[in-house]
Structure formats: C-alpha cells, structure tokens
Amino acid sequence: MAAGPSPLTAWLTTAEPQSRTQARVGHAYQSFRRLARNPTAMAGLVIVGLLVFVAAFAPLLATHSPIASGDLRTERLLPPGPVFWLGTDDQARDIYSRLLYGSRLTLAVVILVSIIATPIGLAIGTVSGYFGGWLDRVLMRITDIFLAFPRLVLALAFVAALGPGIENAIIAIAITAWPPYARLARAETLTIRNSDFIHAVRLQGGSSLRILLKHIVPLCLSSVTVRVTLDMAGIILTAAGLGFLGLGAQPPTPEWGTMIAQGRRFLMDQWWVAAVPGIAIFVVSLGFNLLGDGLRDALDPKASR
Amino acid sequence: MSLDPGLTVEALPERRGRAALGFAGGVAGFLLTLAITLFGLVVVTFVIGRVVPIDPVLAVVGDRASAATYQRVRAEMGLDLPLIEQFRVYLVKAVTGDFGRSVLTTNPVIEDIRTYFPATIELATLGTLIGTLIGVPLGVFAAVRSGSVLDQIVRIVGLVGYSVPIFWLGLMALLLFYAKLDWVAGPGRLDIAYDYLVTPVTGLLLVDSLMQGQLDVFWNAISHIVLPAALLGYFSLAYISRMTRALLLNELAQEYVVTARIKGLSEARVIWRHALRNAAVPLLTVVVLSYATLLEGSVLTETVFSWPGIGSYITSSLQNADMNAVLGGTLVVGAAFVTLNLVSDLLYRLLDPRTR
C-alpha cells in the first residue's frame, strides 16, 4: 500500500472484514476496481449509465413532444438543424426527442426480459443440478430443445400469434432467452453442491429449498449476471428487429426499430430519418457488449480468455 | 440478427464431455436428439397455432356464413376434434410436409417454400463462404500476433458485428453502394429484364444460369447478390474470426507447439499445419453454427433487400395474418436450424478422436 490509504479505502480493502456487510461491500469495491482498470469496460459502463440517465430525464432533455406532430406543411423531413437537432420525420416530429423517449422503451425491454428470463433459467438450472437424476435429465433435455431453436424466427411466430405489440415482443424474447442461463446455473450448481458448507447446512437441518435459495442461487448469480449482460445487446437487437418488421412497438411509439422502419421509405433522400435511430441502437448495444466483456473479466476470471 | 455470444470456446469442451459413445452410439444419440428436438419444434408451432386470436374458420367462410356452414367447415378443418387428436393430425401433416394452403398466394405452402427456400440457401451459403474465407485467416493472424494492431482490428470488427442491427446496416449499405455510388444492383434477385430467362433446375440462380450458359444473367445475379451476401458474410466473419482466434490461442499454448518449434519447424508450418489442424474440428462446428444463424438471420436481411427467400415469405405472410404460411415457414427454417445445430455437435464427436 502506498503512503497512508484513507480510512475508507482501508476499511474496504481489509483482509479481515468485521461484518458480512463489510465483506460484501469490500468485494464489490475490489470487483469495481478490476473493472475500472479496463478502459473499454468503463466506456461501456458510461454508455449504459448515459442510457439510464437519458431514460430517466427524457422529459427534461427533450425539446419537442415525441408523439405530437409538428407543422406538416413546413416541418416535415427537415435535415438536422438548430431547431430540430437531429431533423424531423415524415410526421414532422423531432427525431432527437423521439430518440430520448425511445431509450425508455429500450431500457424497459432489456430489464423486463432479464427479470422474466433470469429467474426461469436460475430455477431450472439450480434444481436440475442440485437434485440430479431423472429430473436433471428431463429438465436439461427441455433446455437443449429450446437451445437448439432459432430464436428470432420463434419470437416472430410467437408475436404473430399473440398479436404485435411491445409486451408480446418482450414475452416472446424472454421465452427464447432463458436456456443458456439454465445451463450455466446447472454447471455452477454441480461444482457447489458437494461442498462442505452445503453438507454443513444440511446437517443443521436446512431444507433443500433453503439450500437452493440461500446458498446455491447467490453463488450462481455472478456468472449468470455476466451472461445476462452479454445477452442484453442481443435482446436489444432482437426487439429492434421485431419493431422493424412491424411486430414490436406500434407507431407512434418512438421505438428505435420502428423508427428505422418508418424512415426506410425516405432512405434515398432523407437518410437521417432511418440512420439516426440505427446509430442509437448500435451505440447502446456496443455499450452493453463492452460492459459485459469487462464484467466477465472482473467477476469471473475463469471464463476470460 | 444476434449471434449467440454463448457459443464460445468454453461451450465446446462441454459438448465434448456430453457423450463419448463411439461412432454408432454417436449417430444413434444424434438421431434420437434430432427426433426429440424436431418433435419439440412441432409442439411449439402447434401451440402457437392454437393461441392465434384469429378464428381460422371465420377466415375461410367469412362472417356472413350461416351457423350450419360454419359448423361444417369447422368439422372439415378438424377443429371439432379433441386437442390431442388435432395434434396427431398436425404432426402427421407436418412430417409429410403438408402445411395447408397459403391464403396469400393460394398455393400449397410446401410449394411456396420450394420456390423461395433456394434463394435463401444461395444467399446464406455465399455469406458463409465469405465469412469463412476471410474470417479464418483473420482469426489466425489475430491469434499469432495477439495484442497487435491487427488483433485490435479483429476485436473491433467482432464487437461491431455483435452490436449493429443487421437490417440497419443493410439499409445504409443500400444507400451508399446502390443509391449514391451505383456500384451494385438494387434490391431483388435480378433486374426485371432478366426475369424468367433461366429455367429453375436447382433453384440456385447462380448455378442455373451458369449451367444454361446465360452469362449475362449470371453477372446480373452476381451484382444483385453481392451486397446482401457481403452483409451476411460480415456477420459470419465477426463470429468466425473471433472463434478462430480463441481456438488457435488455446492450441498455441499447448506443449506440442513448443516441441514443434524446438524441432526447428518454420513458424508458418507450426501454425498452419500443426496448431490450426488441431483446431480444425471445433472450427468446422463453428462454421456450421454460423451457417445456421445466417439461415435464420436472413429473415431481416431479405426484408431489407426484397430478396425473394423464405425470410421474406415469412414476414409478408405475417403481415397478412397468413398463419399456415407463417407456421410452415417457421417449421422449415426451424428444422433446418435445429438439424444444422445438432449436426455440428455430431461432427465434433465423430471427427475429433479426443472425444472417443
């Protein structure tokens, strides 16, 4: 340690934490330090942070309404300028404001899909790995079947059946997203389930449910979190693809994929209408990919290459 | 299209461990898994077909039909049978390739698929070819000069490939290379002037036109396919180069590489003949997986380039609530995807002696 670390740093980095909270906070701090050493991961974190910020303060940052049309005679399809920073679309709406509000949808899709798919994957994977036997074989067979499915085409068919809309798109993506988490959670559970501390809990009379929820799931969380983060770009791209095909969010919702589909008709002359939302999707996906790579290296050194 | 980041090197040893059954056992296990997975696919499409809010009987008879007609048609379509019986009928039809008639084209769906699928195969094959021919050497150089500028470039190419929406990149490519620069032909498979000049034999336009000696058609087809194929090729390249790099880095860390170097073999020989050869089998599975992903990803690309393939067929049917066509198309693309996916697994087991 260099000359006199501050008391806070000392508290965070001590090798002998006095409480469970201190150990947890200290561990999080160490992980963050490892992440912070990785400039591309930090770039990813900044992009994701910016997305959250923009989504939270969209009404304050927006200069126009994202949905109400402007003057259709004079303000249609304007190029980027001082009034409309990123130009206007065919309904004379400000693309910049629509982009800001669209970030809310992107964030909502990512969060909701993770919230639905992660618990399913965790439950199936940990139960499968912990109990083993025929239950393991059946559950893993189902997982393998879903893993072998084409995700986009299935999501398409699901949305076609349920009807277009952002909610159904989220459900469709979540249904196809969980299998990798189940496989991962199972693999982790297999390495944990015969540990001494699990035996100790069992000898103390801890039920299987308690062991799974309190001891196995928390240890699976970090690797599953990394995997979920890495998948978020894919989730965003699939949702945008569904929007582009007219199956996700419906107009006039400012969803980025839908915006590209609308701008497509004016591609040859007013290219910015389609180009700008695409850049937004690209930047945000890139952010999640960079962050995911960095998290994998920081939290899960085994898996990094 | 989202390339699955889970298909990484770490996933491969797991496959290796799954079964060490020998040749016959491997093939039998493969066929069993294939059958179960395809059955699962049929179940899922059946369930999807059941939850559709559109009443299929009304779609046929219209809303002015009498109750008697409605009941008759309902019985004809087998919708009065118990669900399990309906599924049995559906399963038999799916296996024999009878997906019903498309409302949109009025052809049997299977005939439509026969017309459209070759265009998709042509596109995906060319894309995979581009991706492999460029991606493998790129990955090799990135691994050999790990940390160099070239390695960084390969990493960026990969990251962009995993992050960019394919349909948007397609639109931008059309804008630049077709509208602004006029280097390539626009959307579609051929200029209208060349339509119907070639009799479809294989359905692959490039092959058919060459076989019939229609060189001008061939070159026109090339100028149409080059942009979408390059686009798919880029996504394939992003995945293949990243995997090649990782696989080769694994091999270069092995002791036999040191031995080969100590023996005085040239570096090129060590890399291309020894290390790459040992990475060849997992690499083959990577290429097959990438091919499967391109078949699926063609749904978005084909829409952008008005490419008359199965992807366009599915999406245009979707927009017209033509569920027979949607489910038939999904089943065929799904079956192709599942089969390729599992074949890559089988190849791994059969070709790599270490898995026996």
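One line per chain: the protein sequences are A and B, in this order. When we follow this note's numbering, the leftmost residue of the first sequence carries the number 1, and every step to the right adds one. When we follow this note's numbering, the leftmost residue of the second sequence carries the number 1, and every step to the right adds one. Just so you know, even glycine gets a beta-carbon here, dropped at the ideal spot from N, CA and C. Bear in mind the structure is a predicted one, so any value in this text is a computation, not a measurement.
Next item on the list: Return no unless some Cβ of chain B is closer than 8 Å to the Cβ of A:F53.
Entry: Here residue 53 of chain A is taken as the residue at index 53 of the first sequence, counted from 1. So, not an interface residue.
Checklist line | Cβ-Cβ separation, A:W256 to A:G133 (assumed contact under 8 Å), whole Å | finding: Taking the first sequence and counting its residues from 1, the one referred to as residue 133 of chain A is at position 133. Taking the first sequence and counting its residues from 1, the one referred to as residue 256 of chain A is at position 256. The Cβ separation is near 46 Å, so there is no contact.
Check: For the alpha helix (DSSP H) that contains A:L230, what are its first and last residues?
Finding: To locate residue 230 of chain A, count along the first sequence from 1; it is residue 230. Residues V217 to F244.
Note to self: Please tell me whether A:R141 and B:I36 are closer than 8 Å, where the distance is taken between their beta carbons.
What the structure shows: Taking the first sequence and counting its residues from 1, the one referred to as residue 141 of chain A is at position 141. Taking the second sequence and counting its residues from 1, the one referred to as residue 36 of chain B is at position 36. Yes, the Cβ-Cβ distance between A:R141 and B:I36 is below 8 Å.
Next item on the list: Count the CB pairs spanning the segment 277-288 of chain A and the segment 196-203 of chain A that are closer than 8 Å, and state whether there are at least three.
Entry: no
Next item on the list: For the alpha helix (DSSP H) holding A:Y29, just list the boundary residues, first then last.
Entry: Start at 1 with the first residue of the first sequence, and residue 29 of chain A comes out as number 29. Unbroken alpha helix (DSSP H) run through A:Y29: R20 to A36.
Notebook entry, point to check: Looking at chain B, which residues of the segment 142-159 of chain A have a Cβ within less than 9 Å of any of its Cβ atoms?
Noted result: I142, D144, I145, F146, L147, A148, F149, P150, R151, L152, V153, L154, L156, A157, F158 and V159
Next item on the list: Return the Cβ separation of A:P254 and A:R98 in integer angstroms, given the expectation that the two are a contact with Cβ distance under 8 Å.
Entry: In the first sequence, the residue the question calls residue 254 of chain A occupies position 254. In the first sequence, the residue the question calls residue 98 of chain A occupies position 98. Their Cβ separation, rounded to whole angstroms, is 4 Å, which keeps A:P254 and A:R98 in contact under 8 Å.
Margin query: Can you tell me whether B:P108 is helix, strand or coil according to DSSP?
Written below: Counted from its first residue, the second sequence places residue 108 of chain B at position 108. Residue state, collapsed to three classes: strand.
Check: For A:N194, is the classification buried or exposed, using 16 other Cβ atoms within 10 angstroms of its Cβ as the cut-off for buried?
Finding: By 1-based counting over the first sequence, the position of residue 194 of chain A is 194. Classification for A:N194: exposed.
Next item on the list: Report the three-state DSSP secondary structure of A:D94 (helix, strand or coil).
Entry: The residue labelled residue 94 of chain A in the question sits at position 94 within the first sequence. In the structure shown, A:D94 sits in a strand (DSSP, three-state: E or B).
Notebook entry, point to check: Would a check of beta-carbon distances place A:L112 closer than 8 Å to chain B?
Noted result: The sequence position of residue 112 of chain A within the first sequence is 112, counting from 1. Cβ-Cβ to chain B under 8 Å: no for A:L112.
Note to self: Could you tell me which whole beta strand (DSSP E) segments of length 3 or greater appear in the segment 72-105 of chain B?
What the structure shows: none
Margin query: One question on the structure: do B:V338 and B:L32 come within less than 8 Å of each other, judged by their Cβ atoms?
Written below: Locating residue 338 of chain B in the second sequence gives position 338, where the first residue counts as 1. Locating residue 32 of chain B in the second sequence gives position 32, where the first residue counts as 1. In this structure, B:L32 does not lie closer than 8 Å to B:V338 by Cβ.
Margin query: Within 10 Å of its beta-carbon, does A:Q250 have 16 or more other beta-carbons around it, so buried, or fewer, so exposed?
Written below: Counting from 1 along the first sequence, the entry for residue 250 of chain A is found at position 250. So A:Q250 ends up on the exposed side.
Check: What are the partner residues of B:T37, as DSSP defines its beta bridges?
Finding: On the second sequence, residue 37 of chain B is found 37 positions in, with the first residue counted as 1. According to DSSP, which records beta bridges pairwise, B:T37 is partnered with nothing at all.
Margin query: For the alpha helix (DSSP H) containing A:L162, name the first residue and the last one.
Written below: Residue numbering aside, residue 162 of chain A sits at position 162 when the first sequence is read from its first letter. Where A:L162 is concerned, the enclosing alpha helix (DSSP H) stretches over R151 to L162.
Next item on the list: Tell me, please, whether the CB atom of B:Y162 is closer than 8 Å to any CB atom in chain A?
Entry: The residue labelled residue 162 of chain B in the question sits at position 162 within the second sequence. Interface residue, yes.
Next item on the list: Could you list the residues in the segment 292-314 of chain B with a C-beta less than 9 Å from some C-beta on chain A, going in chain order?
Entry: A292, T293, L295, E296, G297, V299, L300, T303, V304, G311 and I314
Next item on the list: Could you tell me whether the Cβ of B:I134 comes closer than 8 Å to any Cβ of chain A?
Entry: Position 134 of the second sequence, counted from the start, is the residue given in the question as residue 134 of chain B. Not an interface residue.
Notebook entry, point to check: Using a C-beta to C-beta distance shorter than 8 Å, which residues of chain B count as neighbours of A:I171?
Noted result: Taking the first sequence and counting its residues from 1, the one referred to as residue 171 of chain A is at position 171. The premise fails here: A:I171 is roughly 11 Å from chain B at the closest Cβ pair, so nothing lies under 8 Å.
Margin query: For B:G203 and B:M172, what's the separation of their Cα atoms in angstroms?
Written below: If you number the second sequence from 1, residue 203 of chain B lands on position 203. If you number the second sequence from 1, residue 172 of chain B lands on position 172. Each residue's alpha carbon lies about 29 Å from the other.
Next item on the list: Report the option in B:S266, B:T330, B:L342 and B:R242 whose CA atom is closest to the CA atom of B:V288.
Entry: Position 288 of the second sequence holds residue 288 of chain B. Nearest of B:S266, B:T330, B:L342 and B:R242 to B:V288, Cα basis: B:L342.
Notebook entry, point to check: So A:G49 is in the alpha helix (DSSP H); what residue range does that whole segment cover?
Noted result: Sequence index remark: in the first sequence, residue 49 of chain A carries index 49 (1-based). Where A:G49 is concerned, the enclosing alpha helix (DSSP H) stretches over P39 to A56.
Notebook entry, point to check: Could you check where the alpha helix (DSSP H) with B:V160 kicks off and where it finishes?
Noted result: As a first step, residue 160 of chain B must be located in the second sequence, where it is residue number 160. Element bounds for B:V160: V149 to S163.
Check: In chain order, what residues of the same chain have a beta carbon less than 7 Å from the beta carbon of B:A221, not counting five sequence neighbours either side?
Finding: The count along the second sequence starts at 1 and reaches residue 221 of chain B at position 221. Closer than 7 Å at Cβ, skipping near neighbours: R189, L190, L205, L206 and S209.
Next item on the list: Would you verify that the beta carbon of B:N278 is, or is not, closer than 8 Å to some beta carbon of chain A?
Entry: Here residue 278 of chain B refers to the residue found at position 278 when the second sequence is read from its first residue. Not an interface residue.
Item checked: Other residues of its chain near B:Y313: CB distance less than 6 Å, five sequence neighbours each side excluded -> Here residue 313 of chain B corresponds to residue number 313 of the second sequence, with the count starting at 1. The residues are Y116 and G329.
Checklist line | Contact with chain B by A:G246, beta-carbon distance below 8 Å | finding: If you number the first sequence from 1, residue 246 of chain A lands on position 246. So, interface residue.
Next item on the list: Name, please, each residue of chain B whose Cβ falls closer than 9 Å to the Cβ of A:F282.
Entry: Residue 282 of chain A sits at position 282 when you count from the first residue of the first sequence. Those within 9 Å of A:F282 in chain B are V160, S163, V164, P165, W168 and L169.
Note to self: Report the CB separation of B:P228 from B:T301 in whole angstroms; it is logged as a contact under 8 Å.
What the structure shows: Here residue 228 of chain B is taken as the residue at index 228 of the second sequence, counted from 1. Here residue 301 of chain B is taken as the residue at index 301 of the second sequence, counted from 1. The Cβ separation is near 5 Å, so the contact holds.
Check: According to DSSP, what are the bridge partners of A:T88?
Finding: Sequence index remark: in the first sequence, residue 88 of chain A carries index 88 (1-based). A:D94.
Check: Quick one: does B:I48 have its CB under 8 Å from some CB of chain A?
Finding: Residue 48 of chain B sits at position 48 when you count from the first residue of the second sequence. Chain A contact via Cβ: present.
Notebook entry, point to check: If you draw a straight line from the alpha carbon of B:I166 to that of A:G243, how long is it in whole angstroms?
Noted result: Mapped onto the second sequence, residue 166 of chain B falls at position 166. Mapped onto the first sequence, residue 243 of chain A falls at position 243. Rounded to whole angstroms, B:I166 to A:G243 spans 13 Å at the Cα level.
Note to self: Taking 7 Å as the limit between beta carbons, can you name the residues of its chain near B:Y234, skipping five residues before and five after?
What the structure shows: In the second sequence, the residue the question calls residue 234 of chain B occupies position 234. G161, listed in sequence order.
Next item on the list: Check the Cβ of B:G40 against every Cβ in chain A and list those closer than 7 Å, keeping chain order.
Entry: Numbered from its first residue, the second sequence carries residue 40 of chain B at position 40. Within 7 Å Cβ-Cβ: I145.
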